[in-house]
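J.: Sequential numbering from 13 applies to the sequence shown in the working numbering. The C-beta atom is built at its ideal place from N, Cα and C for all residues, glycine as well. Bear in mind that the values here come from a model prediction, so they are computed numbers and not experimental data.
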Amino acid sequence: MDQISNFGDQRQQGYCAHCGGTTETRDHAPSKILLDKPYPTSLPVLPACPTCNEGFSADEEYLACFVECVLHGSTDPVKLSRQKVSRILAESQALRARIERSKKQSPNLGGGEVIVWQPEEGRVRNVILKLARCHAAFELNEPQIRDPDHYMVTPLESLSREQREHFETAPDTGVWPEVGSRAMQRMIVGGQPYSDGWLEVQEGRYRYMAVGAGSVMVRGVLSEYLAFEVIWDT
13 MDQISNFGDQ RQQGYCAHCG GTTETRDHAP SKILLDKPYP TSLPVLPACP
63 TCNEGFSADE EYLACFVECV LHGSTDPVKL SRQKVSRILA ESQALRARIE
113 RSKKQSPNLG GGEVIVWQPE EGRVRNVILK LARCHAAFEL NEPQIRDPDH
163 YMVTPLESLS REQREHFETA PDTGVWPEVG SRAMQRMIVG GQPYSDGWLE
213 VQEGRYRYMA VGAGSVMVRG VLSEYLAFEV IWDT
């Protein structure tokens, strides 16, 4: 990603992107646990208080491992592609067992069985809202401290063709982002990795879009599998 400075209203900056508190630490969005080495050179970084920043780590590790296990249908570290996830699960039998317990065998209409994975919704929501808040503040210069008005997280493959087309298409609001914000600068400059409203942080691993016009909407995709959408009405 290109490194772009924020020239938006400074009154919207200088406090924790999650709670509005102090800014002793910096929070990556997405966290490096969701990415592979070599990492992109210019990851989005937001100010955060120590409590918020430290409060995401365990849930981010859980989500990264859960998604990888779902994609490979197993919690066996040997069968996973992402080396860091394999290492984490090999070293943490408790986390591996926790994810394994979320795997259920369910009968299908053909008389066979399918594997259904049930994530810990609170932990997933914690990470998704962290990402959405960071992207809203970083791209739009519109930090969102309160709870969102709309929250959705689902596997991409569960969307119908119409739903998938809607999700992948940036809304045409006819309104420009805040003057000086990164989103406005990207609209003017264009080019890669900014394409059709999406910012690709790392190919196949993480992408997102942030749109602000009457409301603030953030969409993202983890490992081209888990899609999310968060909206704050303004």
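1. Per DSSP, what kind of secondary structure is Gly134 in: helix, strand or coil?
2. Taking only runs of the alpha helix (DSSP H) that begin and end inside the segment 75-125, which ones reach a length of at least 4 residues, in chain order?
3. What do you reckon, are the CB atoms on Ala239 and His147 nearer than 8 Å?
4. Would Ser104 pass as a contact of Gln130 if the rule is Cβ separation under 8 Å?
5. With DSSP run on the structure shown, which of helix, strand or coil describes Arg38?
6. Going by the DSSP bridge assignment, what does Arg219 pair with across the sheet?
7. Going by other Cβ atoms of all chains shown within 10 Å of its Cβ, with 16 needed for buried, is Gln95 buried or exposed?
8. Identify whether Leu47 lies in helix, strand or coil by the three-state DSSP scheme.
9. So, Ile243 versus Pro160, is the Cβ gap smaller than 8 Å?
10. Using alpha carbons as the reference points, say which of Tyr237, Ala225, Met229 and Glu73 lies closest to Tyr218.
11. Starting from His178, trace the alpha helix (DSSP H) in both directions and tell me its first and last residue.
12. Determine whether the beta carbon atoms of Val230 and Tyr220 lie at a separation below 8 Å.
13. Can you grab the Cα-Cα spacing for the pair Pro183 / Glu177, in whole Å?
14. When the Cβ atoms of the segment 58-76 are set against those of the segment 25-38, are three or more pairs found closer than 8 Å?
15. At the level of alpha carbons, what is the spacing between Val126 and Gln117?
16. Grab the span of the beta strand (DSSP E) containing Thr166 for me, first residue to last.
17. Buried or exposed, going by whether 16 or more other CB atoms sit within 10 Å of the CB of Gly232?
T.: Walking through what the data contain:
1. The count along the sequence shown starts at 1 and reaches residue 134 at position 122. Looking at Gly134 - three-state DSSP - the assignment turns out to be helix.
2. Segments of the alpha helix (DSSP H) lying fully in the segment 75-125: 95-103 and 105-112.
3. Taking the first residue of the sequence shown as position 1, residue 239 is located at position 227. Taking the first residue of the sequence shown as position 1, residue 147 is located at position 135. Against a cut-off of 8 Å, the Cβ pair of His147 and Ala239 comes out as no contact.
4. As a first step, residue 104 must be located in the sequence shown, where it is residue number 92. As a first step, residue 130 must be located in the sequence shown, where it is residue number 118. It is not a contact, given that the beta carbons lie outside the stated cut-off.
5. What you label residue 38 is simply residue 26 of the sequence shown in a count that begins at 1. Strand, per DSSP.
6. For the purposes of this step, residue 219 is taken as residue 207 along the sequence shown, with counting starting at 1. In DSSP, Arg219 forms a bridge with Glu212 and Val233.
7. Locating residue 95 in the sequence shown gives position 83, where the first residue counts as 1. When all chains shown are included, Gln95 counts as exposed.
8. Position 35 of the sequence shown, counted from the start, is the residue given in the question as residue 47. Residue state, collapsed to three classes: coil.
9. Working through the sequence shown from its first residue, we reach residue 243 at position 231. Working through the sequence shown from its first residue, we reach residue 160 at position 148. Cβ distance < 8 Å, so Ile243 and Pro160 count as in contact.
10. In the sequence shown, residue 218 corresponds to position 206, counting from 1. The shortest Cα separation from Tyr218 among Tyr237, Ala225, Met229 and Glu73 belongs to Tyr237.
11. The residue given as residue 178 occupies position 166 in the sequence shown. Unbroken alpha helix (DSSP H) run through His178: Arg173 to Glu180.
12. Working through the sequence shown from its first residue, we reach residue 230 at position 218. Working through the sequence shown from its first residue, we reach residue 220 at position 208. The beta carbons of Val230 and Tyr220 sit closer together than 8 Å.
13. Translated into positions along the sequence shown, residue 183 becomes position 171. Translated into positions along the sequence shown, residue 177 becomes position 165. Answer to the nearest angstrom: the Cα atoms are 11 Å apart.
14. yes
15. Taking the first residue of the sequence shown as 1, we reach residue 126 at position 114. Taking the first residue of the sequence shown as 1, we reach residue 117 at position 105. Distance from the CA atom of Val126 to the CA atom of Gln117, rounded to whole angstroms, is 6 Å.
16. Along the sequence shown, read from residue 1 onward, the residue named residue 166 stands at position 154. Residues His162 to Pro167.
17. Position 220 of the sequence shown, counted from the first residue, corresponds to residue 232. By the neighbour-count criterion, in which 16 or more other beta carbons inside 10 Å mark a residue as buried, Gly232 falls on the buried side.
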